[in-house]
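Chemist: The sequence shown begins at 1 in UniProt numbering and counts up by one. For every residue, glycine included, the Cβ atom is placed at its ideal position computed from N, Cα and C.
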Amino acid sequence: MNAEESDHIGKKFLEKTRPDQLSQPDQQKNVPPPPRSWDLTPKKTYDLPAPEEIDLPEAHLLETIDSRRSKRSFTEKPLSNEDLSILLYYTQGIQRELSGEISLRTVPSAGARHAFETMIYLDKATSLPRGIYHYQAEDHSLGLILSGNFQKEAVRAGLGQNHLAEAAAVFFWVADSYRMEWRYSERAFRYLHLDAGHVCQNLYLAAEALDAGVCAIAAYDDDYANKLLNLDGQDNFVIYMAALGFRKN
Ligand SMILES: Cc1cc2nc3c(=O)[nH]c(=O)nc-3n(C[C@H](O)[C@H](O)[C@H](O)COP(=O)(O)O)c2cc1C
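1. How should residue 103 be labelled, buried or exposed, when 16 other C-beta atoms within 10 angstroms of its C-beta is the threshold for buried?
2. Within 10 angstroms of its Cβ, does residue 91 collect 16 or more other Cβ (buried), or is it exposed?
3. Distance check for residue 129 and residue 113, CA to CA, integer angstroms please.
4. Would you say residue 163 touches ligand 1, meaning its beta carbon is less than 8 Å from a heavy atom?
5. For ligand 1, I want to know if residue 220 counts as a neighbour, meaning its beta carbon is within less than 8 Å of at least one of the ligand's heavy atoms.
6. If we call anything under 9 Å between Cβ atoms a contact, is residue 151 one with residue 142?
7. To which residues of the same chain is residue 67 closer than 7 Å at the C-beta, ignoring the five residues directly before and after it?
8. Taking 8 Å as the limit between beta carbons, can you name the residues of its chain near residue 202, skipping five residues before and five after?
9. Starting from the C-beta of residue 124, find all residues in its chain whose C-beta is less than 6 Å away, skip the five residues before and the five after it, and write them out in chain order.
10. Evaluate the contact criterion for the region 172-191 versus the region 238-245: three or more CB pairs, one atom per stretch, below 8 Å.
11. Could you confirm whether any beta carbon from chain B is found closer than 9 Å to the beta carbon of residue 89?
12. What residue range does the beta strand (DSSP E) around residue 59 cover?
13. Since residue 183 is in the alpha helix (DSSP H), which residue starts that stretch and which ends it?
14. Compute the minimum distance between the beta carbon of residue 217 and the heavy atoms of ligand 1, and state whether it is under 8 Å.
15. Let me know the secondary structure DSSP gives residue 31 once reduced to three states.
16. Assuming residue 95 is part of the beta strand (DSSP E), what are its boundary residues?
17. Find out if the Cβ-Cβ distance for the pair residue 256, residue 186 is shorter than 9 Å.
18. Where residue 23 and residue 34 are concerned, what is the direct C-alpha to C-alpha distance, given to the nearest angstrom?
19. Should the region 57-67 be regarded as contacting the region 152-168, the criterion being three or more beta carbon pairs within less than 8 Å?
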């Protein structure tokens, strides 16, 4: 390995996050765990219908996996509260408590740490005003954080990807890294990125069942996206995005 290779940030990251390189995590020092979700004190909270009260679309799992495709062109059709309930429940919904601090959700997560918050820019919805929302997983509701049209900002966050302007909703998954670091110290940063993939895949599949479409977005402007969502970019940061809408083809 030459000097340049040993300085490679990606390789360094893998090296420094090997099990024998890690510092002792706070959990092992008996530091109490951080809260398992955020309260952002929204302007207004909108309850979503519980998934068990919704007539779920019929979808065969293996066929759904097989027909999934990334979509970058969307119709004007808005999302209903039922659609939003399904999309949010199947990506980050809490299914049950394992113990006081630990919940099980519709996606796996390393150590069940579930270190994400979901923020959505809702552009087209039947009953909710345009704006940036926080998914309040604990009570399956959406909290309105910023009202208004943020189409331009969503496109800019996605480095000019124009399909973000057509989307009915733009998902921003936000990592609260200490929630994962508390148990796994530096290795948490591997797990955060692995966890994010599961969440976005579930969004693809849930959307497919609704005849909607998704495009995963990892090409985004970190600083701009973090600023838009009022995140410090250090302990809390956008880890993944997705554009979602009813598909044209
Ligand atoms: C981690 C990841 C990041 C991606 N980022 C983008 C992106 O920023 N913009 C985009 O248009 N597509 C993005 N995609 C979608 C891929 O381009 C797409 O999955 C790929 O072309 C294969 O097509 P398929 O999803 O229809 O199978 C991303 C996909 C993944 C898994």
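Modeler: Well, looking at it:
1. So residue 103 counts as buried.
2. With at least 16 other beta carbons inside 10 angstroms of its own, residue 91 counts as buried.
3. In this structure, the straight-line span from the alpha carbon of residue 113 to that of residue 129 is close to 32 Å.
4. A distance criterion of 8 Å places the beta-carbon of residue 163 in contact range of ligand 1, judged by its closest non-hydrogen atom.
5. Yes, ligand 1 has a heavy atom inside 8 Å of this Cβ.
6. No. Outside cutoff.
7. Excluding the 5 residues flanking it on each side, residue 67 has same chain C-beta neighbours closer than 7 Å at 208, in chain order.
8. Contacts found: 90, 91, 106 and 107.
9. Within the same chain, residue 124 has close Cβ partners 78 and 168.
10. Counting Cβ pairs under 8 Å, three or more are found: they touch.
11. You won't find chain B in this structure, because it holds only one protein chain.
12. No beta strand (DSSP E) holds residue 59; DSSP gives it neither H nor E.
13. 177-184 is the extent of the alpha helix (DSSP H) around residue 183.
14. Yes, ligand 1 has a heavy atom inside 8 Å of this Cβ.
15. The answer is coil: DSSP assigns residue 31 none of H, G, I, E or B.
16. Run containing residue 95: 94-99, per the beta strand (DSSP E) assignment.
17. Residue 256 lies beyond the stretch modelled for the chain, which goes from 1 to 249, so this question has no answer here.
18. Here the alpha carbons of residue 34 and residue 23 stand approximately 18 Å from one another.
19. Output reads no: the region 152-168 does not touch the region 57-67.
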